[in-house]
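Each remark here refers to the structure printed beneath this line.
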Amino acid sequence: MGWGAGGSCAHSTPRWRTCESAALLGSQTAATRQSTRETSVRKEERVGWRHAASTRWLQAAHKALYGVLRGPRDVEEPALCPRLSAAQVASDPSAAALHLTQAGVLRVDGVIDKALARALHAQCEQQLELALRHLRSGGARPTDWLAEHLLSLGPDLGKRHDCKLPLLPHVREALAQALRTLAAPIRLVVGSDAELFELSVVVSEPGCGRQPLHADFPQYADGEGAVAIVAFVATHDLRATMGPTIFLPRTHTAQFHAAFDATADDVDAREKLLAAQPAVSPVLRSGDVVLMDSALIHGGGANIVSRRALFHFSFKRPDAYPGGRFSSLLESLRGKHFLNEADDWLAEAPVDEATGMVL
-17 MGWGAGGSCA HSTPRWRTCE SAALLGSQTA ATRQSTRETS VRKEERVGWR
33 HAASTRWLQA AHKALYGVLR GPRDVEEPAL CPRLSAAQVA SDPSAAALHL
83 TQAGVLRVDG VIDKALARAL HAQCEQQLEL ALRHLRSGGA RPTDWLAEHL
133 LSLGPDLGKR HDCKLPLLPH VREALAQALR TLAAPIRLVV GSDAELFELS
183 VVVSEPGCGR QPLHADFPQY ADGEGAVAIV AFVATHDLRA TMGPTIFLPR
233 THTAQFHAAF DATADDVDAR EKLLAAQPAV SPVLRSGDVV LMDSALIHGG
283 GANIVSRRAL FHFSFKRPDA YPGGRFSSLL ESLRGKHFLN EADDWLAEAP
333 VDEATGMVL
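Position 305, counted from 1, in the sequence shown is what the numbering used here calls 287; the numbers after and before it change by one each time, with no gaps.
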């Protein structure tokens, strides 16, 4: 996810960008790798959310949270990141919404059953491979299938994917099951007519470095309430060595964002600001979910062992237009699906088996 990472529309993506993105699927020359690294450094110098301070803080946070010689561990503080069961959320959605509003992050255990999570994981893996095959063959532009903000990652190009998902059978079933628990608190935060804004699988490969700390979308324009609520669903048991996301609770407020933006050109000041914030790093089990205010500062960890996959969706306020980047959603789904009509659009829908697209 990225803070203020702009880019061109999918329909205006130049041909060289398609070729460049396809190159991530093969080998890169030493000159290309060097050029990519230099470009990454220049961007880090220019863009606030990718500042060196964020990366250095994240490294320090991992050291403090996980230790140097010992393996990473599940680091959670209920006072910082509230943790509820699916049954607790279902019985008292107002309390869940309050936790989410106050902390900006909420863990909910057991939202999707493990059998469905396994089936969803397999379908997401298949969809990612299908998307990558389309790119290799030149039959699609990168932004047709992959979120634009992960197409310029320098050394991590090809190690992080945000693959847009159609409403495939297990995707639809998993979203329906998740919303049985989560729709009520999401509705209380962003409204019953909230719009489906993202639907994807977020994948990190072994060897993937840590993300700079960032927020997905800016604070809501009037400073009150979330722009969007984001869900990350574990499709398999995670391990700390897979680079679980670090969240900085309570950094979703307009006050914090004003301070964060004010340090965009001052590495030391930003590092000091971030270092003062407590952090949590939940290691989810299959079917567990983290709900997050889209303005919360967070960053993916370094993955050193095996592929990590998270089913990812979000709902935004109908009157909000988050800036900075395009959302991780297929164009065929954009602007058509709302929370208060979920029972209807999550009903059986035909899918083109060749392309994975909803007909």
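Glycine included, every Cβ here is placed at the ideal spot set by N, Cα and C.
Provide the residue(s) that pair with residue i in DSSP beta bridges, ordered along the chain.
{"i": "I211", "result": "D275 and F297"}
{"i": "D91", "result": "S67"}
{"i": "H196", "result": "H280"}
{"i": "A216", "result": "L292"}
{"i": "S309", "result": "Paired residue(s): none; S309 is not in a bridge."}
{"i": "V262", "result": "F229"}
How many Å lie between residue i and residue j at the Cα?
{"i": "Q108", "j": "E323", "result": "28 Å"}
{"i": "G(-11)", "j": "S309", "result": "Model confidence at G(-11) stands at a pLDDT of 34, short of 50, so the residue's coordinates are unreliable; what they give is reported in the following sentence. Near 12 Å, if we compare the C-alpha coordinates of S309 and G(-11)."}
{"i": "H116", "j": "F242", "result": "39 Å"}
{"i": "S182", "j": "L292", "result": "8 Å"}
{"i": "A68", "j": "V262", "result": "20 Å"}
{"i": "L157", "j": "E187", "result": "24 Å"}
{"i": "A99", "j": "R65", "result": "20 Å"}
{"i": "A329", "j": "L161", "result": "13 Å"}
{"i": "P75", "j": "F297", "result": "17 Å"}
{"i": "V23", "j": "D247", "result": "Here the model assigns V23 a pLDDT of 38, short of 50, so the residue's position is not dependable, and the following value carries that caveat. Taking the straight line from one Cα to the other gives about 15 Å."}
{"i": "D325", "j": "D126", "result": "27 Å"}
{"i": "D264", "j": "N285", "result": "This sequence places Pro at residue 264; Asp is not what is there. Approximately 15 Å, taken between the alpha carbons."}
{"i": "V209", "j": "P194", "result": "21 Å"}
{"i": "A244", "j": "Q259", "result": "16 Å"}
{"i": "L321", "j": "A165", "result": "7 Å"}
{"i": "S17", "j": "D144", "result": "Annotation note: pLDDT 48 at S17 (below 50); position unreliable, coordinate value reported separately. Approximately 24 Å between the Cα atoms of the pair."}
Check for me: the beta strand (DSSP E) holding residue i runs from which residue to which?
{"i": "H143", "result": "R142 to K146"}
{"i": "S119", "result": "Per DSSP, S119 belongs to no beta strand (DSSP E); it is in the alpha helix (DSSP H), K96 to S119."}
{"i": "V183", "result": "E177 to S186"}
Taking a contact to mean a Cβ-Cβ separation below 7 Å, would you say residue i touches residue j in this structure?
{"i": "A213", "j": "L273", "result": "yes"}
{"i": "Q146", "j": "L312", "result": "As written in the sequence, residue 146 is Lys, which differs from the Gln given in the question. Their beta carbons are under 7 Å apart, which means K146 touches L312 by this criterion."}
{"i": "I228", "j": "V172", "result": "no"}
{"i": "G283", "j": "R192", "result": "yes"}
{"i": "H218", "j": "G86", "result": "no"}
{"i": "D198", "j": "P300", "result": "no"}
{"i": "A101", "j": "H152", "result": "yes"}
{"i": "L178", "j": "A216", "result": "no"}
Report the residue from the options whose alpha carbon sits nearest the alpha carbon of residue i.
{"i": "T83", "options": "Q193, G207 and F238", "result": "G207"}
{"i": "A78", "options": "C106, A302, R169 and P264", "result": "R169"}
{"i": "H196", "options": "A122, H280, R221 and L102", "result": "H280"}
{"i": "G189", "options": "R142, L328 and D270", "result": "R142"}
{"i": "A61", "options": "A104, R232, A122 and A165", "result": "R232"}
{"i": "D275", "options": "V184, T223, L102 and L88", "result": "L88"}
{"i": "E130", "options": "E180, A251, H81 and Q105", "result": "E180"}
{"i": "F295", "options": "V184, Q70 and N285", "result": "V184"}
{"i": "D91", "options": "A257, L102 and V71", "result": "V71"}
{"i": "L220", "options": "Q237, V287 and D95", "result": "V287"}
{"i": "G269", "options": "E111, Q159 and Q105", "result": "Q159"}
{"i": "E155", "options": "L255, H239, A236 and K96", "result": "K96"}
{"i": "T223", "options": "T163, R290 and Y303", "result": "R290"}
{"i": "T163", "options": "R118, I94 and H81", "result": "I94"}
{"i": "P226", "options": "A257, V271 and Q237", "result": "V271"}
Tell me the residue span of the alpha helix (DSSP H) that contains residue i.
{"i": "L157", "result": "P151 to V172"}
{"i": "L230", "result": "Segment: none, L230 is in no alpha helix (DSSP H) and carries neither H nor E."}
{"i": "D126", "result": "P124 to W127"}
{"i": "L82", "result": "P75 to A85"}
{"i": "V287", "result": "First-last for V287: undefined, no H or E at that position."}
{"i": "A302", "result": "No alpha helix (DSSP H) contains A302, which DSSP labels as neither H nor E."}
{"i": "D270", "result": "Here D270 belongs to no alpha helix (DSSP H), and DSSP marks it neither H nor E."}
{"i": "E323", "result": "That residue, E323, is in no alpha helix (DSSP H); it is neither H nor E in DSSP."}
{"i": "E253", "result": "V249 to A257"}
{"i": "A246", "result": "Counting along the chain, A246 falls outside any alpha helix (DSSP H), and DSSP gives it neither H nor E."}
At a Cβ threshold of 7 Å, is residue i touching chain D?
{"i": "C106", "result": "The chain labelled as chain D is not found in the depicted structure, where only one protein chain is given."}
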